[in-house]
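**Q**
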Amino acid sequence: MSIPIDTECLQCMLRRNIELARSLGTEEQAVAFARRLMRLYLDAPEGVSSPWFGPQIADLLHELYGLPIDRFRQEKLDSNRFVLERLPQIRQKVASAADPVLAGLQFAILGNYLDFSALQGQVSFEKLEEMLDKALEMELDEQVYGALCRDLERGGRLLYLTDNAGEIGFDRVLAETIAERYPNLAITFCVRGAVTQNDATREDAAAVGLPFPVIDNGNRVAGTQLDQLSDEAAQALREADVILAKGMANVETMSGCGYNVYYAFLVKCQRFVRLFGKSMLTPMLVRERQ
């Protein structure tokens with residue numbers, strides 16, 4: 000019930016984290032870190048996805064190097080500020096579009112670019128600004144989008160699974176647009192239960208003024224690790240008629256779950272390039288039940 004880690008993913012995680020360790024201390028320390036890191040992989044249960052390792056790696060970096068668990072805090076603050084400053088303009092573009100829900104979705108998917116972990120050293124607010132100027136030109140799977148709209152029309156409950164700070168501001172615009180078109184739909188947002196990478200937490204939901212009920216998943220795993228969910232999040236998942244899940248980590252942790260999930264994300268790693276046959280930063284809307 001996930002996309003399990005494979006050798007390509009393992010190689011990437013080892014390389015990225017060992018490079019980080021080498022930048023933080025001596026070669027001797029990096030070797031000790033690498034040994035502990037490989038032990039994490041050797042001891043992991045079979046079938047787990049890459050996000051499952053995130054909290055343990057963060058703890059290891061904190062233990063050996065003193066790297067703060069909330070090391071992306073400034074990036075999160077900057078991301079929320081960037082989006083808040085542009086919300087009026089984005090709302091205007093969405094409201095005046097031929098299909099406001101589609102337009103809101105286009106902007107929300109572009110917000111998935113604000114991923115300082117997956118796109119290490121490559122996130123640029125200037126580049127995002129350029130991407131936003133072309134948001135309404137985004138092409139998505141028309142059949143999947145049509146199915147999403149029909150499910151929103153028929154459904155009573157939408158559970159919105161968030162991903163990154165900053166991005167959650169774009170999610171707010173999409174959810175507000177959905178609520179306007181489908182007034183009988185109850186919308187609940189789910190954020191991370193504690194700090195993990197630059198993912199959105201309750202603090203970020205409050206920072207962007209999210210006007211919907213907010214719950215958290217009860218853990219620090221990026222994505223939605225089903226066996227670690229809080230009772231509240233697990234119940235919300237079961238009771239939702241439609242689930243909109245942002246980001247690759249939700250694909251990795253939920254694939255095969257059987258719920259009515261629509262995944263919305265940008266392709267941001269080579270494994271996803273191979274899995275979906277798309278180039279880097281391609282916008283995606285994929286349905287779980289296909």
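Residues 0 to 289, numbered by numbering that gives the first Met the number 0, are exactly what the sequence shown covers, in order. C-beta atoms are modelled at their ideal positions from N, C-alpha and C, and glycine is treated no differently.
#1: Near LEU39, what residues of its chain come up, given a Cβ to Cβ distance below 8 Å and the 5 sequence neighbours on each side ignored?
#2: Under 8 Å by Cβ, that's how I've got MET255 and ASN218 pegged, so tell me the actual separation to the nearest angstrom.
#3: Hey, PHE71 and PHE115 are a contact pair by Cβ (cut 8 Å); roughly how many whole angstroms apart?
#4: Please classify PHE124 as buried or exposed, where buried requires at least 16 other C-beta atoms within 10 Å of its C-beta.
#5: Give the straight-line distance between the Cα atoms of THR25 and ASP198, rounded to the nearest whole angstrom.
#6: Which residue comes first and which comes last in the beta strand (DSSP E) that contains THR187?
#7: With distances taken Cα to Cα, identify the nearest neighbour of GLN269 among ASP42, LYS277 and ILE186.
#8: Give the list of continuous beta strand (DSSP E) stretches no shorter than 3 residues that lie fully inside the segment 50-108.
#9: Per DSSP, which residues does ALA263 bridge with? Please list them.
#10: Use the C-beta contact count for SER95: other C-beta atoms within 10 angstroms, 16 or more gives buried, fewer gives exposed.
#11: What number of angstroms, rounded off, separates the C-alpha of THR187 from the C-alpha of ALA29?
#12: Do you know whose CA, among THR281, LEU63, PHE271 and GLY222, lies nearest GLU290's CA?
**A** Quick look at the numbers:
#1: The beta carbon of LEU39 is closer than 8 Å to those of PHE52, GLN55, ILE56 and LEU59 in its chain, skipping five residues each way along the sequence.
#2: Before going further, note that residue 255 is Gly rather than Met in the sequence given. Between the beta-carbon of GLY255 and that of ASN218 there is about 20 Å, and that puts the pair past the 8 Å contact cut.
#3: 5 Å
#4: exposed
#5: 29 Å
#6: 185-190
#7: LYS277
#8: none
#9: LYS245 and LEU284
#10: By the C-beta density criterion, SER95 is exposed, having fewer than 16 other C-beta atoms within 10 angstroms.
#11: 43 Å
#12: There is simply no residue 290 to check, as the chain begins at 0 and stops at 289 in what is shown.
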